[in-house]
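Q:
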Amino acid sequence: MTHFIGRRLLHAIPTLVLISMVVFAILALAPGDPLAGFAANPDIPPEVRMNIRHQLGLDDPVYVRYVKWATSFVEGNWGYSFQSHVPADQLIGQRLPTDLAVVGSSYVIAVLFAIPIGVLSAVKQYSIFDQVATTLAFIGFSLPTFFTGILFIIVFSVKLHWLPFIYNTTVTDPVQILKQSVMPVVVLALFTSATLMRFVRSSMLDNVQQDYVRTALAKGLRSGKVIVRHVLRNGLIPVVTLLALGLPAVFTGAVITEQIFRVPGIGSLLITAIQNSDTPVVMCITFVYAILVVVFNIIADVLYGLLDPRIRYG
Amino acid sequence: MVSVRPDAVGQPALPAAVRMFRRPARTLWGDAWRRFRKHRLAMAGGAMFLFLTAATIIGPIIYHVPIGAIDFHNARLTPSWAHPFGTNDLGQDMLARCLYGGRISIAVGFAAMLVSITLGTLVGAIAGFFGRTTDHVLMRLTDVFISLPSLPLLLLVLYLYRDGLAKMFGPQLGIFWLIVVVLGGLNWMPTARLVRAGFLAVKEREFMEAARSLGVGPVSQIFRHILPNTLSPVIVSATLSVGTAMIAEATLSFLGLGFPPDIPSWGRLLYDAQNYLDLAPHMALFPGLMICLAVLSINYVGDGLRDALDPRKVS
Chain A
99 MTHFIGRRLL HAIPTLVLIS MVVFAILALA PGDPLAGFAA NPDIPPEVRM
149 NIRHQLGLDD PVYVRYVKWA TSFVEGNWGY SFQSHVPADQ LIGQRLPTDL
199 AVVGSSYVIA VLFAIPIGVL SAVKQYSIFD QVATTLAFIG FSLPTFFTGI
249 LFIIVFSVKL HWLPFIYNTT VTDPVQILKQ SVMPVVVLAL FTSATLMRFV
299 RSSMLDNVQQ DYVRTALAKG LRSGKVIVRH VLRNGLIPVV TLLALGLPAV
349 FTGAVITEQI FRVPGIGSLL ITAIQNSDTP VVMCITFVYA ILVVVFNIIA
399 DVLYGLLDPR IRYG
Chain B
136 MVSVRPDAVG QPALPAAVRM FRRPARTLWG DAWRRFRKHR LAMAGGAMFL
186 FLTAATIIGP IIYHVPIGAI DFHNARLTPS WAHPFGTNDL GQDMLARCLY
236 GGRISIAVGF AAMLVSITLG TLVGAIAGFF GRTTDHVLMR LTDVFISLPS
286 LPLLLLVLYL YRDGLAKMFG PQLGIFWLIV VVLGGLNWMP TARLVRAGFL
336 AVKEREFMEA ARSLGVGPVS QIFRHILPNT LSPVIVSATL SVGTAMIAEA
386 TLSFLGLGFP PDIPSWGRLL YDAQNYLDLA PHMALFPGLM ICLAVLSINY
436 VGDGLRDALD PRKVS
């Protein structure tokens, strides 16, 4: 197993290098100038600006700049924001708790809903419950989060005045914090649980028809026990992998939800950074997202091997 | 089994095997269509999507209201006979904007689908057909693309290259092509994997061996023999990717990085409505509903096609 994990980690390195090259190339080849803000500033004469450019190494060829960026990234220096002159990793660190709270709780809620509903709807296939659940899941994953978010705001904030629609981090009252997190968490959870539920259902259906289920039933075990002890354990193996694979997507997908509800997470930091041409922060966040995807891919692979005894890694 | 019409009186009864040939030939696509028709929701979805497409194409021709006419006296009107979808903060008619915007959203969806399917089919076909190093390199490339965080990259590329392309091709076409190419370029991976898997399976079948022994060239092998046999998952994934692309375009425009305000795609209309949710919720509801209806209906079509084209379901 350690051998396998080691090999997967080695495989991940070229992937990450390639991704960083792609992101770097996109930024480097863009027509805009990171020092455009200085060009508009009358206090900075063109010679000084040229000097700054030279000192920052912006005149170097692309590959030199890339190597410089990559080495300092590995050394732990992730660059400074052009806007606030704070290290980029510190900016991300500030946003991380809010992000983890909102995205994390939405993911937990989504799983708690998706698994029982998915299982029940597979066990009672073609029943009314199954039909309602699958239809709702289909609608849930077809509705974009920006529309459900807006719909929630119109209904619960504008019409009913139940919930605030702007996330305020200065609030300390736990009830207020809970109230302002309800909508972003539910919007994210709805979308995630719809996708998950469909997956749980089909994975359970694959297993319900297997011979070992018939054997267990023929031996006289109660069907409830067979479902929970036999089918569920096998049916959830691919689901666990999907859970690991899907987490990074929830983080990047949260960009939209954060934007609607003004949640100060990493996603909204990315949007402001992009709008301010804050290259170091943009580069840093994009790369952190890429690392998340690669790491969770490895975790999914390893989990699959741990859970499914049929899979052996040589 | 097949029901056979009773033969006309006076004719000698034919053997069953001969009678079999009398009925109209059943084609592969005919069978698929027959199965698709049974999927009620897919049929409804198809009808809905056709209706929406037709409305956006024909609508602006019949409904002669300019999309950009500013009229502050009639700003933020709720829906009425004069303005069925109400008006926005500048007094522009929302129905006209929704209809016109639908053209853009649907066009982006289809164009991006074409890009991603073409790219995915090409990569998958080459990787699956030639195998070995080619396959290895292309599949590693696919892995890298799958690991790319697509939404942040989309935002980044659009933000950085928008102005440059707008200058080159004009604001409308420049941004349209940028969005289409980038959406397609970040969405081809699932198709490539499907096509490759199909190619690997079909390549080793006997009829391929026969084709090869007859001296059929690689291009003809790929396009005449293998590709048609791997088409059904591609069609399903093409249908679903129209919906994905439409949502992605709406997301970009919703975050203010897609189309400019004078090109009101559905996502852009939602973006404009964001600040008036309390005063004029209809500004958000109508374009939002249009996006949902379009995506939902095309997803149902994809679902129906998946069942209809599944070769294991041949009855």
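Protein chains in written order, with my numbering: chain A, 99 to 412; chain B, 136 to 450.
Just so you know, even glycine gets a beta-carbon here, dropped at the ideal spot from N, CA and C.
#1: Output needed for Arg-299/A: all residues of its chain with C-beta closer than 6 Å, excluding positions within five of it in sequence on either side, in chain order.
#2: Closer than 9 Å between beta carbons: that is the criterion. Which residues of the segment 216 to 228 of chain A meet it against chain B?
#3: Report the three-state DSSP secondary structure of Asp-442/B (helix, strand or coil).
#4: With C-beta atoms as the reference, is Val-330/B less than 8 Å away from Gly-255/B?
#5: Counting only beta-carbon separations shorter than 8 Å, does Thr-196/A have a partner in chain B?
#6: With 8 Å as the threshold, decide whether the Cβ of Tyr-387/A is near any Cβ in chain B.
#7: When the Cα atoms are used, what is the spatial distance from Pro-201/B to Leu-234/A?
#8: Quick check on the DSSP output: what are the complete beta strand (DSSP E) runs of length 3 or more inside the segment 339 to 366 of chain B, in order along the chain?
#9: Apart from the five residues on each side of it in sequence, which residues of its chain come closer than 8 Å, Cβ to Cβ, to Leu-345/A?
#10: Just to confirm the assignment: which complete alpha helix (DSSP H) runs, minimum length 4, are found wholly within the segment 284 to 342 of chain A?
#11: Starting from Trp-168/B and walking both ways along the alpha helix (DSSP H), at which residues does that stretch end?
#12: With three or more beta-carbon pairs closer than 8 Å as the criterion, would you say the segment 359 to 366 of chain B touches the segment 375 to 383 of chain B?
#13: Give the DSSP-derived three-state secondary structure of Phe-350/A in the structure shown.
#14: Provide the residue(s) that pair with Thr-222/B in DSSP beta bridges, ordered along the chain.
#15: Identify the continuous alpha helix (DSSP H) that holds Lys-166/A and give its terminal residues.
#16: Is there a Cβ from chain B that is less than 8 Å from the Cβ of Ala-128/A?
#17: Over what stretch of residues does the alpha helix (DSSP H) that includes Gly-402/B continue unbroken?
#18: With DSSP as the reference, label Pro-407/A as helix, strand or coil.
#19: Please report the straight-line C-alpha distance between Ile-314/B and Gly-305/B, rounded to a whole angstrom.
#20: With DSSP collapsed to three states, give me the class of Ala-186/A.
#21: CA-CA distance, Leu-257/B and Pro-140/A?
#22: Return the residues of the segment 349 to 371 of chain A that lie within a Cβ-Cβ distance of less than 9 Å from chain B, sorted by chain order.
#23: List the residues of chain A that Thr-386/B touches, going by C-beta distances under 7 Å, in chain order.
#24: Below 7 Å between beta carbons is the criterion; list the residues of the segment 183 to 202 of chain B that meet it against any residue of chain A, in chain order.
#25: Grab me the residues of Leu-318/B's own chain with a C-beta within less than 6 Å of its C-beta, minus the 5 sequence neighbours each way, in chain order.
#26: Quick check on the DSSP output: what are the complete alpha helix (DSSP H) runs of length 4 or more inside the segment 212 to 298 of chain A, in order along the chain?
#27: Can you grab the Cα-Cα spacing for the pair Glu-339/B / Asp-445/B, in whole Å?
#28: Just the Cα atoms here: how many angstroms apart are Gly-412/A and Leu-335/B?
#29: Given Val-280/A, which residues of its chain have a CB within under 7 Å of its CB, disregarding the five upstream and five downstream residues?
#30: Closest to Phe-180/A by C-alpha separation, out of Gln-373/A, Val-283/A, Thr-270/A and Ile-124/A, would be which residue?
#31: Name, going along the chain, the residues of the segment 388 to 410 of chain A whose beta-carbon falls closer than 9 Å to a beta-carbon of chain B.
#32: Taking the alpha-carbon positions, what's the Ile-264/A to Ala-190/B distance?
#33: By the criterion of Cβ-Cβ separation under 9 Å, what are the contact partners of Leu-294/B in chain A?
#34: 8 Å is my cut-off, CB to CB: does Asp-278/B come that close to chain A?
#35: My guess is that Tyr-164/A and Pro-284/B are in contact by the Cβ rule of under 8 Å, so how many angstroms apart are they, rounded?
#36: Is Thr-268/B closer than 8 Å to Ile-261/B when the C-beta atoms are compared?
A: The answer reads as follows:
#1: Against the first sequence, residue 299/A aligns to sequence position 201. Contacts found: Gly-216, Ser-219 and Ala-220.
#2: Within the segment 216 to 228 of chain A, no residue places its CB atom closer than 9 Å to a CB of chain B.
#3: Sequence index remark: in the second sequence, residue 442/B carries index 307 (1-based). Here Asp-442/B sits in helix by DSSP.
#4: For this step, residue 330/B is matched to residue 195 along the second sequence. For this step, residue 255/B is matched to residue 120 along the second sequence. Against a cut-off of 8 Å, the Cβ pair of Gly-255/B and Val-330/B comes out as a contact.
#5: Translated into positions along the first sequence, residue 196/A becomes position 98. Any Cβ of chain B closer than 8 Å to the Cβ of Thr-196/A would place that residue at the interface, and such an atom is absent.
#6: By one-based count along the first sequence, residue 387/A stands at place 289. At a cut-off of 8 Å between beta carbons, Tyr-387/A contacts chain B.
#7: For the purposes of this step, residue 201/B is taken as residue 66 along the second sequence, with counting starting at 1. For the purposes of this step, residue 234/A is taken as residue 136 along the first sequence, with counting starting at 1. So the two alpha carbons sit approximately 38 Å from each other.
#8: None, since the segment 339 to 366 of chain B contains no complete beta strand (DSSP E) of that length.
#9: For the purposes of this step, residue 345/A is identified with residue 247 of the first sequence, where counting begins at 1. Here the set comprises Tyr-205, Leu-390 and Phe-394.
#10: The segment 284 to 342 of chain A is shown to contain whole alpha helix (DSSP H) runs of 4 or more residues at 309 to 316, in chain order.
#11: Taking the first residue of the second sequence as 1, we reach residue 168/B at position 33. Segment 163 to 173, the alpha helix (DSSP H) holding Trp-168/B.
#12: Inter-segment contact for the segment 359 to 366 of chain B and the segment 375 to 383 of chain B is absent: fewer than three beta-carbon pairs are separated by less than 8 Å.
#13: Reading the first sequence from its first residue, position 252 is the one you call residue 350/A. It is worth fixing the name first, because residue 350/A is Thr in this sequence and not Phe. Helix at Thr-350/A.
#14: The residue given as residue 222/B occupies position 87 in the second sequence. Thr-222/B pairs with Asp-228/B.
#15: The residue given as residue 166/A occupies position 68 in the first sequence. Per DSSP, Lys-166/A belongs to the alpha helix (DSSP H) from 160 to 172.
#16: On the first sequence, residue 128/A is found 30 positions in, with the first residue counted as 1. Yes, Ala-128/A counts as interfacial toward chain B.
#17: The residue given as residue 402/B occupies position 267 in the second sequence. 401 to 408 is the extent of the alpha helix (DSSP H) around Gly-402/B.
#18: Here residue 407/A is taken as the residue at index 309 of the first sequence, counted from 1. Note: Pro-407/A maps to coil in three-state DSSP.
#19: Walking along the second sequence from the start, residue 314/B turns up at place 179. Walking along the second sequence from the start, residue 305/B turns up at place 170. Rounded to the nearest angstrom, the two C-alpha atoms are 14 Å apart.
#20: The residue you call residue 186/A lines up with position 88 of the first sequence. Looking at Ala-186/A - three-state DSSP - the assignment turns out to be helix.
#21: Numbered from its first residue, the second sequence carries residue 257/B at position 122. Numbered from its first residue, the first sequence carries residue 140/A at position 42. Straight across, the Cα-Cα distance linking Leu-257/B with Pro-140/A is about 52 Å.
#22: From the segment 349 to 371 of chain A, only Phe-349, Thr-350, Gly-351, Val-353, Ile-354, Gln-357, Ile-358, Gly-365, Leu-368 and Ile-369 have a Cβ closer than 9 Å to chain B.
#23: Within the second sequence, numbered from 1, the residue matching residue 386/B stands at position 251. Result: Pro-242, Phe-244 and Ile-354.
#24: Taking a C-beta cut-off of 7 Å against chain A, none of the residues of the segment 183 to 202 of chain B qualify.
#25: Stepping through the second sequence from its first residue, residue 318/B is reached at position 183. So the list reads Ala-247, Ala-380 and Ala-383, once near-sequence residues are dropped.
#26: DSSP runs (the alpha helix (DSSP H)) wholly in the segment 212 to 298 of chain A: 226 to 240 and 243 to 250.
#27: Indexing the second sequence from 1 puts residue 339/B at position 204. Indexing the second sequence from 1 puts residue 445/B at position 310. Linking Glu-339/B to Asp-445/B through their CA atoms gives a straight-line distance of about 21 Å.
#28: Numbered from 1 along the first sequence, position 314 holds the residue referred to as residue 412/A. Numbered from 1 along the second sequence, position 200 holds the residue referred to as residue 335/B. Only weak support exists for where Gly-412/A lies, its pLDDT of 48 falling under 50; the value from the coordinates is given anyway. Cα to Cα, Gly-412/A sits roughly 24 Å from Leu-335/B.
#29: Counting from 1 along the first sequence, the entry for residue 280/A is found at position 182. So the list reads Leu-261, once near-sequence residues are dropped.
#30: Counted from its first residue, the first sequence places residue 180/A at position 82. Closest in C-alpha terms to Phe-180/A, from the list Gln-373/A, Val-283/A, Thr-270/A and Ile-124/A, comes Gln-373/A.
#31: Closer than 9 Å at the C-beta level to chain B, one finds these residues of the segment 388 to 410 of chain A: Ala-388, Leu-390, Val-391, Val-392 and Asn-395.
#32: The residue you call residue 264/A lines up with position 166 of the first sequence. The residue you call residue 190/B lines up with position 55 of the second sequence. Cα to Cα, the separation comes out at about 36 Å.
#33: Numbered from 1 along the second sequence, position 159 holds the residue referred to as residue 294/B. Checking the sequence shown, residue 294/B turns out to be Tyr, not Leu. The contacting residues are Ala-128, Gly-130, Ile-372, Gln-373, Ser-375 and Val-380.
#34: On the second sequence, residue 278/B is found 143 positions in, with the first residue counted as 1. Interface with chain A (8 Å Cβ-Cβ cutoff): Asp-278/B is included.
#35: Within the first sequence, numbered from 1, the residue matching residue 164/A stands at position 66. Within the second sequence, numbered from 1, the residue matching residue 284/B stands at position 149. The Cβ separation is near 19 Å, so there is no contact.
#36: For the purposes of this step, residue 261/B is taken as the residue at position 126 of the second sequence. For the purposes of this step, residue 268/B is taken as the residue at position 133 of the second sequence. In terms of Cβ geometry, Ile-261/B and Thr-268/B do not form a close pair [threshold 8 Å].
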